[in-house]
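Chemist: Residue numbers (the numbering used here): 27 to 107. First the structure, then my questions, so here it is.
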């Protein structure tokens with residue numbers, strides 16, 4: 027029987043969070059050093075992080091629903107334990 031797997035991992039969400047944290051640190055440092063990194067970069071990194079987390083949670087929920095449907099199907103077909 028096939029098992030459900032979320033097509034996106036939590037690792038991707040963590041990587042996006044690290045990208046956001048790095049962008050914040052660089053933006054703060056750039057203000058001190060008068061560099062060209064804008065806060066737009068921070069906002070876009072935060073947006074990427076939020077989208078990654080929301081997508082990951084949605085895929086987890088879909089994966090759980092898939093597993094529950096497969097368990098019910100197994101029980102109806104008499105293959106339940």
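Note that beta-carbon positions come from the ideal geometry of N, C-alpha and C, so glycine has one too. Remember, it's a predicted structure, so these values are computed and weren't measured experimentally.
1) I'd like to check one pair, residue 38 with residue 65: are the Cβ atoms closer than 8 Å?
2) Between residue 48 and residue 73, what straight-line distance do the alpha-carbon atoms span, to the nearest angstrom?
3) Quick one, which of 75, 96, 80 and 86 has its alpha-carbon nearest residue 43's?
4) Quick check on DSSP: helix, strand or coil for residue 54?
5) Buried or exposed for residue 55, please, with buried defined as at least 16 other CB atoms from any protein chain shown within 10 angstroms of its CB.
6) Since residue 50 contacts residue 68 with CB under 8 Å, what's their CB separation in whole angstroms?
Modeler: Answer, in terms of the structure:
1) On the chain shown, position 39 is the one that residue 65 refers to. On the chain shown, position 12 is the one that residue 38 refers to. Contact flag unset, no.
2) The sequence position of residue 48 within the chain shown is 22, counting from 1. The sequence position of residue 73 within the chain shown is 47, counting from 1. When only Cα atoms are considered, residue 48 and residue 73 end up about 14 Å apart.
3) Position 17 of the chain shown, counting from 1, holds the residue named residue 43. If we check each option's Cα against that of residue 43, 75 comes out closest.
4) Reading the chain shown from its first residue, position 28 is the one you call residue 54. Helix, per DSSP.
5) As a working note, residue 55 is residue 29 in the chain shown. Under this definition residue 55 is an exposed residue.
6) Taking the first residue of the chain shown as 1, we reach residue 50 at position 24. Taking the first residue of the chain shown as 1, we reach residue 68 at position 42. Indeed, because the Cβ distance is near 5 Å, the residues count as touching under 8 Å.
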